[in-house]
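Numbering of the sequence shown is given in our numbering, commencing with residue 5 and proceeding in unit increments.
Even glycine gets a Cβ: it sits at the ideal position worked out from N, Cα and C.
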Amino acid sequence: MTVPGIIWLTRDFRLHDNPALLAAIADGPLVPVFFIDQLTMAQGAASRWRLVRALKAFDRSLRARTGGKGITVLRGEADEILPGLMELLGARRLHQTDWPTPEMRTLQDRVRERLRPLDARLIQHRGHLLVDPGKIRTGNGDPYRVYSPFARAVRRLGPDRPAPDAPARISAFPQPPEGLDLNTLNLAPDLHRGRAALEKFATPAGEDAALARLDEFLDRARDYPGGRDRPDLEATSGLSEHLALGEISPRTLWARAMLRAEMSPEQDAGICKFLSEVIWREFSWYLLVEFPNLPSACWRREWEEFPWRKDGADLIRWQRAQTGVALVDAGLRQMWLTGRMHNRVRMVVASWLTKHLLIDWRAGLAHFADCLTDWDPAANAMNWQWVAGCGPDAAPYFRIFNPDKQAEQYDPQGEYRRRWLAGFDVSANPDAAAWMESTPRAWHAGRWRAGPPSMLTEGREAALAALAHFRAATSEN
Ligand SMILES: Cc1cc2nc3c(=O)[nH]c(=O)nc-3n(C[C@H](O)[C@H](O)[C@H](O)COP(=O)(O)OP(=O)(O)OC[C@H]3O[C@@H](n4cnc5c(N)ncnc54)[C@H](O)[C@@H]3O)c2cc1C
Numbered sequence: 005m006t007v008p009g010i011i012w013l014t015r016d017f018r019l020h021d022n023p024a025l026l027a028a029i030a031d032g033p034l035v036p037v038f039f040i041d042q043l044t045m046a047q048g049a050a051s052r053w054r055l056v057r058a059l060k061a062f063d064r065s066l067r068a069r070t071g072g073k074g075i076t077v078l079r080g081e082a083d084e085i086l087p088g089l090m091e092l093l094g095a096r097r098l099h100q101t102d103w104p105t106p107e108m109r110t111l112q113d114r115v116r117e118r119l120r121p122l123d124a125r126l127i128q129h130r131g132h133l134l135v136d137p138g139k140i141r142t143g144n145g146d147p148y149r150v151y152s153p154f155a156r157a158v159r160r161l162g163p164d165r166p167a168p169d170a171p172a173r174i175s176a177f178p179q180p181p182e183g184l185d186l187n188t189l190n191l192a193p194d195l196h197r198g199r200a201a202l203e204k205f206a207t208p209a210g211e212d213a214a215l216a217r218l219d220e221f222l223d224r225a226r227d228y229p230g231g232r233d234r235p236d237l238e239a240t241s242g243l244s245e246h247l248a249l250g251e252i253s254p255r256t257l258w259a260r261a262m263l264r265a266e267m268s269p270e271q272d273a274g275i276c277k278f279l280s281e282v283i284w285r286e287f288s289w290y291l292l293v294e295f296p297n298l299p300s301a302c303w304r305r306e307w308e309e310f311p312w313r314k315d316g317a318d319l320i321r322w323q324r325a326q327t328g329v330a331l332v333d334a335g336l337r338q339m340w341l342t343g344r345m346h347n348r349v350r351m352v353v354a355s356w357l358t359k360h361l362l363i364d365w366r367a368g369l370a371h372f373a374d375c376l377t378d379w380d381p382a383a384n385a386m387n388w389q390w391v392a393g394c395g396p397d398a399a400p401y402f403r404i405f406n407p408d409k410q411a412e413q414y415d416p417q418g419e420y421r422r423r424w425l426a427g428f429d430v431s432a433n434p435d436a437a438a439w440m441e442s443t444p445r446a447w448h449a450g451r452w453r454a455g456p457p458s459m460l461t462e463g464r465e466a467a468l469a470a471l472a473h474f475r476a477a478t479s480e481n
């Protein structure tokens, strides 16, 4: 009997630098499986919508190499289905690219336990990160808690080399009939009116698109350091969705960027800055591996005592991009419509929620997780904690962004705000009008209106007063 090579796909939808795929191919005719399980369905709506696009694109790539056999998509739990499937096919090895979230760790343990009686095992492969987090330790053997020395350690160790590409022809096993049809698969029925908007603003999905985007970015990397904070310019790479879905590996990205820096010295400084941002991604995953409750608990434990507000009308107005603060509402509208938001604006939007409105960072994290197509559990958690001031190496709480000053500095002509806010001139702003069309009717989304300027000073004073009170209370304990 021919034994197949099984890969349990998670977030590794690529043919380049995919050691798990290569190992499965080496085992025998390929069986690529993906589970629509509780973990998948617990993700935010926009992220599930983007996941289907990644599945479709990778399915097409595989079919082109296998003579028409694609991904088997099954509804159910991996630990319940995989043992039976492996027994049926006579497989003893199951390959997976490690996606080291705490929930995946629990699931991996359950799968391992169920495979043991079959004398079968789960083999995890690297590729989601630049370097094995276990290798990065301070001189004392402790985990790093601060970005700069961590980044130096990553550069010193050097990222692992990308694995060779998958072969041009792949032998694959016939697909079982119980697999779901990707053409009709809808994992995000809860998007409602938001679906049309996401489809309209979507950028191409898949590995080919990711590689092309990287190349195109590297051609203009010299403008990155000066332009990366400007939401009115297209100065960043736009690769986060591809990285989040594993349509490109960070090791491939690193290797290609380094090669380009060597060949085109004029791009070198820009590429170096870009790679330090990629190391921020690495740092966020490192922190998640070391501190698995990063998405749910304040990393500095005492911050659990901070008088965070949990909900209320202010949170709803923020979620609905109706705070009355131009840059904040523009960013939240961009995210609602496109699934993306510029990094500088993410910081300002998060700061407004956690500081001016004193609302718990976890409420913001959950809203981002629901709306972002580049949702990444580690980057989202680290950055929310960073802005809120309760995370490792975080911005101190008293550093409070003034959104109007940020807007003057980073959107000097108001182009970004004009693009997303209908209050300026709807007829000249089709994107702003698209936001109004895409929102649920219950929101009563009308023309955008600025709030009173006093909001800025009052919110800042309230945040500083809360901080002073919190400091006094925690130093008494
Ligand atoms: C509150 C908040 C929430 C965030 N949530 C997410 C998220 O869910 N998913 C996500 O991918 N990024 C998140 N980020 C980080 C950052 O905003 C995005 O990675 C970036 O905007 C993506 O655009 P780009 O690919 O053009 O970035 P580029 O500037 O081209 O950067 C290249 C890559 O580096 C990584 N990167 C850049 N900045 C950061 C950062 N601050 N932290 C971690 N990695 C970074 C990303 O993988 C990015 O694709 C968040 C930031 C904040 C402030």
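Which of helix, strand or coil DSSP assigns to residue i
i: F310; result: coil
i: H346; result: coil
i: F372; result: helix
i: I320; result: helix
i: Q128; result: strand
i: L257; result: helix
i: H20; result: coil
i: I29; result: helix
i: I252; result: coil
i: A476; result: helix
i: V510; result: Residue 510 lies beyond the range of the chain shown here (5 to 481); nothing can be said about it.
i: W379; result: coil
i: D415; result: coil
i: F402; result: coil
i: V332; result: helix
i: N190; result: coil
i: H246; result: helix
i: D435; result: helix
i: Q326; result: coil
i: T70; result: helix
i: L425; result: coil
i: Q47; result: coil
i: D5; result: Contrary to the premise, residue 5 reads as Met rather than Asp in this sequence. In the structure shown, M5 sits in coil (DSSP, three-state: anything other than H, G, I, E or B).
i: S300; result: coil
i: V353; result: helix
i: G183; result: coil
i: C276; result: helix
i: S458; result: helix
Beta-carbon separation (whole angstroms), residue i vs residue j, contact threshold 8 angstroms
i: R18; j: E211; result: 5 angstroms
i: L133; j: E286; result: 6 angstroms
i: C375; j: G343; result: 7 angstroms
i: T443; j: A436; result: In fact, because the Cβ distance is near 12 angstroms, the residues do not count as touching under 8 angstroms.
i: D21; j: S253; result: 4 angstroms
i: L341; j: A206; result: That belief does not hold up - the Cβ atoms of L341 and A206 are roughly 11 angstroms apart, past 8 angstroms.
i: E306; j: T478; result: 5 angstroms
i: E81; j: D41; result: 5 angstroms
i: D397; j: R130; result: Their Cβ separation, rounded to whole angstroms, is 25 angstroms, which puts D397 and R130 out of contact at 8 angstroms.
i: L298; j: Q389; result: 7 angstroms
i: G393; j: Y401; result: 3 angstroms
i: R15; j: G250; result: 4 angstroms
i: A50; j: T377; result: 5 angstroms
i: V35; j: G9; result: 7 angstroms
i: T44; j: G183; result: Their Cβ separation, rounded to whole angstroms, is 15 angstroms, which puts T44 and G183 out of contact at 8 angstroms.
i: A239; j: D227; result: 6 angstroms
i: D3; j: R114; result: The question about residue 3 has no answer, for the chain in this structure spans 5 to 481.
Residues bridged to residue i (per DSSP)
i: I11; result: P36, H99
i: I363; result: R313
i: V77; result: F38
i: A176; result: L34
Distance cut-off 7 angstroms: residue i Cβ against heavy atoms of ligand 3
i: S479; result: Looking for ligand 3 in the displayed structure turns up nothing; the ligands present are ligand 1.
Residue i at chain C interface by Cβ criterion, 8 angstroms
i: S175; result: Reference to chain C is not applicable here, since this structure consists of a single protein chain.
Would you call the segment 99 to 113 and the segment 215 to 233 touching, i.e. three or more CB-CB distances under 8 angstroms? Taking a cut-off of 8 angstroms on C-beta distances, the segment 99 to 113 does not touch the segment 215 to 233, as fewer than three cross pairs fall below it.
Taking 8 angstroms as the threshold, find out whether the segment 279 to 298 comes into contact with the segment 381 to 399 through three or more Cβ pairs. yes
Does the segment 96 to 106 come close enough to the segment 116 to 124 that 3 or more CB-CB pairs lie under 8 angstroms? yes
Can you confirm whether the segment 264 to 281 touches the segment 355 to 363 when touching is taken to mean that 3 or more C-beta pairs between the two stretches lie within less than 8 angstroms?
No, they do not touch.
Taking contact to mean at least 3 C-beta pairs separated by less than 8 angstroms, is the segment 54 to 66 in contact with the segment 174 to 190?
yes
With contact counted as at least three CB pairs below 8 angstroms, one residue from each stretch, are the segment 298 to 318 and the segment 404 to 413 in contact?
no
Under 8 angstroms: do the segment 254 to 268 and the segment 136 to 148 share three or more Cβ pairs, one atom per stretch? No contact exists between the segment 254 to 268 and the segment 136 to 148.
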